[in-house]
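>
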Amino acid sequence: MQSQWVTQWPQRALIVGCGDVGTRIARRLHHAGVKVTGIVRREGAAAALEAEGVAAEVRDLDTAPDSPLPPADWVFWCAPPPREGVEDRRLRRWLPALAGRRVVYGSTTAVYGDCGGRWIDEDEPTQPLHDRGRRRLDAEQALQAAGIETVILRIPGIYGPGRWPLARLQAGTPVIREDQSPPSNRIHAEDLADVAILAARRGATGRVYHVGDGQPTTMSDYFLRCAAHFGLPPPPQVDFETARKTFSPAQWSFIEGARRLRVDRAREELGFVPAYPDLAAGLSGSG
């Protein structure tokens, strides 16, 4: 499928849930001369955005809209779903407000469930194992059913400055033995901001894109290499069965469901070339 590449920047863009990645997107758009508004939940976050030259609005996305969303040609939906249930009631509440706009939706690779460690592309059937993935899949389907012009990014683990697992390493939280750890995919936060904008400019409506760096290793490898890079003790390692019994459900949900992501579509259709093509490059650029 050939994407229709947009050569001009929009006049206005909106980032819903403008946290870490959203702020990185906002900086790029602001630098390009786009008028950007970020929606956040706290006054402190709004002040931080405004210090970057980005307009901010404080809203509770879980209440009925009492005023329209700010005008925007592009919308980047970075707000997570609610913590419970199998539907993204938060996004569904705002579907009417998204009509007539081009939306880039940040989903998750958890929508696939367990793929046995296989390499998969975007045509892999979706069979989420947990409600976390079901909520994201519900949001994807709701956007498409509403006829909203949407480009979907299925995102693996995000890493980079401000996201390193330093507290977990300092606490000595164990990881699965490296030889038993399932594959794990990741993308640097700066690369994610870049590809989100590429998706808005070049993504085909209704298209799904994997946005990993294409170089999966394992979650244990990630923690061990981070520990070495930042001069911290390596985390203790436990076998797979011990981890299954002792890790919290939230921790386990990020481990269960092994897969390796093919990223050819994003490279070929969006022209995405990661600045951090693997974990070694991401760590070396961290200072």
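Convert by adding 60 to the 1-based position in the sequence shown; the result is the number in our numbering.
Beta carbons: idealized from backbone N, C-alpha and C, even for Gly.
Please read all numbers here as calculations on a predicted model, not as lab measurements.
Kindly indicate the opening and closing residues of the beta strand (DSSP E) around residue 165.
The residue you call residue 165 lines up with position 105 of the sequence shown. Here the beta strand (DSSP E) through residue 165 covers 162-168.
> Contact between the region 258-268 and the region 230-242 is defined here as three or more beta-carbon pairs at a separation below 8 Å; is this criterion met?
no
> If I'm right that residue 96 touches residue 107 with Cβ under 8 Å, what's the distance once you round it to whole angstroms?
Looking up residue 96 in the sequence shown gives position 36. Looking up residue 107 in the sequence shown gives position 47. Not really, about 16 Å apart at Cβ, beyond 8 Å.
> I think residue 203 touches residue 163, with their Cβ atoms under 8 Å apart; what is that distance to the nearest whole Å?
Translated into the one-based positions of the sequence shown, residue 203 becomes position 143. Translated into the one-based positions of the sequence shown, residue 163 becomes position 103. Indeed they touch by this definition, with Cβ atoms about 6 Å apart.
> In whole angstroms, what separates the C-alpha of residue 118 from that of residue 94?
Here residue 118 refers to the residue found at position 58 when the sequence shown is read from its first residue. Here residue 94 refers to the residue found at position 34 when the sequence shown is read from its first residue. Distance between the alpha carbons of residue 118 and residue 94 is about 20 Å.
> Taking a contact to mean a Cβ-Cβ separation below 8 Å, would you say residue 313 touches residue 190 in this structure?
As a first step, residue 313 must be located in the sequence shown, where it is residue number 253. As a first step, residue 190 must be located in the sequence shown, where it is residue number 130. Yes. Within cutoff.
> Given residue 128, which residues of its chain have a CB within under 8 Å of its CB, disregarding the five upstream and five downstream residues?
In the sequence shown, the residue the question calls residue 128 occupies position 68. 157.
> Just the C-alpha distance for residue 301 and residue 237, rounded to the nearest angstrom, thanks.
Here residue 301 corresponds to residue number 241 of the sequence shown, with the count starting at 1. Here residue 237 corresponds to residue number 177 of the sequence shown, with the count starting at 1. For residue 301 and residue 237, the distance between alpha carbons rounds to 10 Å.
> According to DSSP, simplified to helix, strand and coil, what is residue 336?
Here residue 336 corresponds to residue number 276 of the sequence shown, with the count starting at 1. Residue 336: coil per DSSP, three-state reduction.
> Enumerate, from N- to C-terminal direction, the unbroken beta strand (DSSP E) stretches of 3 or more residues contained entirely within the region 176-242.
Runs found: 209-215 and 217-219.
> Starting from the C-beta of residue 82, find all residues in its chain whose C-beta is less than 7 Å away, skip the five residues before and the five after it, and write them out in chain order.
To locate residue 82, count along the sequence shown from 1; it is residue 22. Excluding positions up to five away in sequence, the list reads 75, 98, 136 and 138.
> Can you confirm whether the region 190-200 touches the region 239-248 when touching is taken to mean that 3 or more C-beta pairs between the two stretches lie within less than 8 Å?
no
> What number of angstroms, rounded off, separates the C-alpha of residue 348 from the C-alpha of residue 201?
What is shown of the chain runs 61 to 347, which leaves residue 348 out entirely.
> Only counting the same chain, and skipping five residues up and downstream in sequence, which positions put a Cβ closer than 8 Å to that of residue 109?
The sequence position of residue 109 within the sequence shown is 49, counting from 1. If we look at residue 109 and ignore the five residues flanking it on each side, its Cβ neighbours are 78, 83, 86, 98, 100, 115 and 116.
> With distance defined between alpha-carbon atoms, name the residue in 71, 340 and 91 nearest to residue 130.
Counted from its first residue, the sequence shown places residue 130 at position 70. The residue with the shortest Cα to Cα distance from residue 130 is 71.
> According to DSSP, simplified to helix, strand and coil, what is residue 68?
Reading the sequence shown from its first residue, position 8 is the one you call residue 68. Residue 68 falls in the coil class under three-state DSSP.
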